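Taking it in order: structure first as structure tokens, then the write-up.
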Amino acid sequence: MKTITGQIVNLISNDVSKFEELSLFMHHMWSAPLEALIVFGLIWNKIGIATLFGYAVLLLLVPLQLFFSKKFGTYRKNTIRWTDERVKITNEILVGCQIVKMYRWEEALETIVHNAKKNEIKSIRKATRIRAINVSMFFFHHYH
Numbered sequence: 231m232k233t234i235t236g237q238i239v240n241l242i243s244n245d246v247s248k249f250e251e252l253s254l255f256m257h258h259m260w261s262a263p264l265e266a267l268i269v270f271g272l273i274w275n276k277i278g279i280a281t282l283f284g285y286a287v288l289l290l291l292v293p294l295q296l297f298f299s300k301k302f303g304t305y306r307k308n309t310i311r312w313t314d315e316r317v318k319i320t321n322e323i324l325v326g327c328q329i330v331k332m333y334r335w336e337e338a339l340e341t342i343v344h345n346a347k348k349n350e351i352k353s354i355r356k357a358t359r360i361r362a363i364n365v366s367m368f369f370f371h372h373y374h
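Set out below in structure tokens:
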């Protein structure tokens, strides 16, 4: 399998940011369930059976958040694919810069790079919309 330089650079930059994000939120894996149990107990003492309805709504939102997370992952993969394509095209243009100048292909190649960037941005916008919905659900059902 041939690996393109653009793919390697893209994977490294994406992986580094994901590991950084993981390090910020990893402690939630143990603290969130503990916090949910403690809060459940405190609310149960104050309002009783109504606590179950609140937690039922919370549990009903989990599949919806999973759906949006999977959608976001799909759009993110598309974004990575388009970014790889754009970086590959840009790299090929830079490597063959003399040939491009000699045959006056600047405008044609500029259009190709522009289209690749446009596809990449379209994918980023879709992923950002899905992520915004998912994050807003988090805030709306946690801070009412």
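Under the working numbering, the first residue of the sequence shown is numbered 231, with each subsequent residue one higher.
Cβ atoms here follow ideal geometry from the backbone N, Cα and C, with glycine treated the same way.
Computed from a prediction, not measured in an experiment: that's the story for all the values here.
(request) Report the residue from Glu251, Ile310, Glu336, Ala338 whose alpha carbon sits nearest the alpha carbon of Ser353. (result) When only C-alpha atoms are compared, the closest one is Ile310.
(message) If the criterion is Cβ atoms closer than 8 Å, does the pair Val330 and Ile323 meet it?
(response) In this structure, Val330 sits near Ile323, with a CB-CB distance shorter than 8 Å.
(message) So, at 6 Å on beta carbons, what are the nonlocal neighbours of Ile242 in its own chain, with the 5 sequence-adjacent residues on each side left out?
(response) Taken in chain order, the list of residues that qualify is empty.
(message) Assuming contact is defined by CB atoms lying nearer than 8 Å, are Tyr305 and Lys356 in contact in what I supplied?
(response) For Tyr305 and Lys356, yes; Cβs fall inside 8 Å.
(request) Could you name the residues of the same chain whose beta carbon sits closer than 7 Å to that of Ile342, not counting the 5 residues immediately before and after it, in chain order? (result) When the five nearest sequence neighbours on each side are left out, the beta carbons in the same chain lying within less than 7 Å of the beta carbon of Ile342 are those of Ile319, in order along the chain.
(request) Answer with buried or exposed for His374, where buried requires no fewer than 16 other C-beta atoms within 10 angstroms of its C-beta. (result) For His374, the predicted structure reports a pLDDT of 48, less than 50, and the residue's modelled location is therefore unreliable. A value from the coordinates is still provided. His374 comes out exposed.
(request) Could you tell me the distance, in whole angstroms, from the CA atom of Ser261 to the CA atom of Ala280? (result) Taking the straight line from one Cα to the other gives about 24 Å.
(message) Quick check on Arg334: does DSSP put it in helix, strand or coil?
(response) Correct three-state label for Arg334: coil.
(message) If you measure between the beta carbons of Ile351 and Lys301, is that distance less than 8 Å?
(response) Not closer than 8 Å, so no.
(message) Using a 10 Å radius around the Cβ and a threshold of 16 neighbouring Cβ atoms, would you call Thr358 buried or exposed?
(response) Exposure of Thr358 is indicated by the presence of fewer than 16 other C-beta atoms within 10 angstroms of its C-beta.
(request) Select from Met332, Leu294, Val325 the residue whose C-alpha is nearest the C-alpha of Ile363. (result) Checked all of Met332, Leu294, Val325; the closest Cα to Ile363 is Leu294.
(request) Quick one: using the 10 Å Cβ neighbour count with 16 as the cut-off for buried, is Glu315 buried or exposed? (result) Residue burial annotation: Glu315 is buried, with at least 16 other C-beta atoms found within 10 angstroms of its C-beta.
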